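Engineer:
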């Protein structure tokens with residue numbers, strides 16, 4: 312797909328993605344070369360992160376590129392949950408990329424956030440659609456399920472003495 316790709320072909324643009332949990336659309340501003348430098352100075356290797364779209368670092372980049380009006384949705388808030396081990400109420404302050412991660416409702420939404428980032432970085436609609444088709448087909452395939460499921464070890468039956 313990227314055989315003829317040249318970095319000079321990239322034309323960064325504003326992009327958007329939707330999060331169902333918040334029932335809201337979020338906008339990323341066009342990514343500039345300075346953004347890539349600033350992210351690298353923050354310890355975020357964009358090239359490496361782009362190879363693993365299901366990661367907290369992807370959420371960091373997305374939040375970094377998010378327009379202010381969208382980003383302010385992820386200011387620190389108090390979140391109440393139930394601890395699954397004890398059943399007790401758990402109260403924690405969440406904000407920033409951790410809150411963004413908590414608001415992503417599915418692998419498909421995470422991938423759409425990734426495609427939005429690609430758009431913001433300047434990848435063409437055609438390149439993104441090809442990648443979207445390939446990725447979402449593989450996620451929905453039986454092969455994906457087989458790869459994700461752990462192989463169960465056969466249990467040995469003990470012989471009666």
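Numbering (our numbering), first residue to last: 312 to 472. Glycine residues also receive a C-beta, built at the ideal position from the N, C-alpha and C atoms. Note that this is a predicted model, so its numbers are computed, not measured.
(1) Starting from the C-beta of residue 399, find all residues in its chain whose C-beta is less than 8 Å away, skip the five residues before and the five after it, and write them out in chain order.
(2) State the DSSP-derived secondary structure class of residue 447, mapped to helix, strand or coil.
(3) Cα separation between residue 274 and residue 324?
(4) Using the DSSP secondary-structure output, state which residues sit across from residue 321 in a beta bridge.
(5) Taking buried to mean at least 16 other C-beta atoms within 10 Å of its own C-beta, is residue 472 buried or exposed?
(6) Leaving aside the five residues before and after residue 327 along the sequence, list all residues of the same chain whose C-beta is less than 8 Å from its C-beta, in chain order.
(7) Helix, strand or coil, according to DSSP, for residue 415 in the structure here?
(8) Between residue 402 and the rest of its own chain, which residues show a CB-CB distance below 7 Å, the 5 nearest in sequence each way excluded?
(9) What is the DSSP secondary structure of residue 355, counted as helix, strand or coil?
(10) Is residue 395 buried or exposed, if buried means 16 or more other CB atoms sit within 10 Å of its CB?
(11) So, with DSSP's three-state summary, where would you put residue 371?
(12) Is it the case that the Cβ atoms of residue 407 and residue 425 are separated by a distance below 7 Å?
Structural biologist: Quick look at the numbers:
(1) In the chain shown, the residue the question calls residue 399 occupies position 88. Excluding residues within five positions, the ones whose Cβ falls inside 8 Å are 393.
(2) Reading the chain shown from its first residue, position 136 is the one you call residue 447. Of the three classes helix, strand and coil, the one that applies to residue 447 here is helix, per DSSP.
(3) As displayed, the chain neither begins before 312 nor continues past 472, which places residue 274 out of reach and without an answer.
(4) Here residue 321 refers to the residue found at position 10 when the chain shown is read from its first residue. Residue 321 pairs with nothing; no bridge assigned.
(5) Taking the chain shown and counting its residues from 1, one reaches residue 472 at position 161. Confidence in residue 472 is poor, its pLDDT being 49 and thus under 50, which makes the residue's placement unreliable; the coordinate value appears in the next sentence. It is exposed - the Cβ of residue 472 has fewer than 16 other Cβ atoms within 10 Å.
(6) Position 16 of the chain shown, counted from the start, is the residue given in the question as residue 327. Excluding sequence neighbours, residue 327 sits near 336, 337, 338, 339 and 427.
(7) As a working note, residue 415 is residue 104 in the chain shown. Looking at residue 415 - three-state DSSP - the assignment turns out to be coil, as it is neither helix nor strand.
(8) Stepping through the chain shown from its first residue, residue 402 is reached at position 91. For residue 402, same chain residues with a beta-carbon under 7 Å away, outside a window of 5 residues either side, are 389 and 391 in chain order.
(9) For the purposes of this step, residue 355 is taken as residue 44 along the chain shown, with counting starting at 1. Correct three-state label for residue 355: coil.
(10) As a working note, residue 395 is residue 84 in the chain shown. Under this definition residue 395 is an exposed residue.
(11) To locate residue 371, count along the chain shown from 1; it is residue 60. Note: residue 371 maps to helix in three-state DSSP.
(12) Sequence index remark: in the chain shown, residue 407 carries index 96 (1-based). Sequence index remark: in the chain shown, residue 425 carries index 114 (1-based). Against a cut-off of 7 Å, the Cβ pair of residue 425 and residue 407 comes out as no contact.
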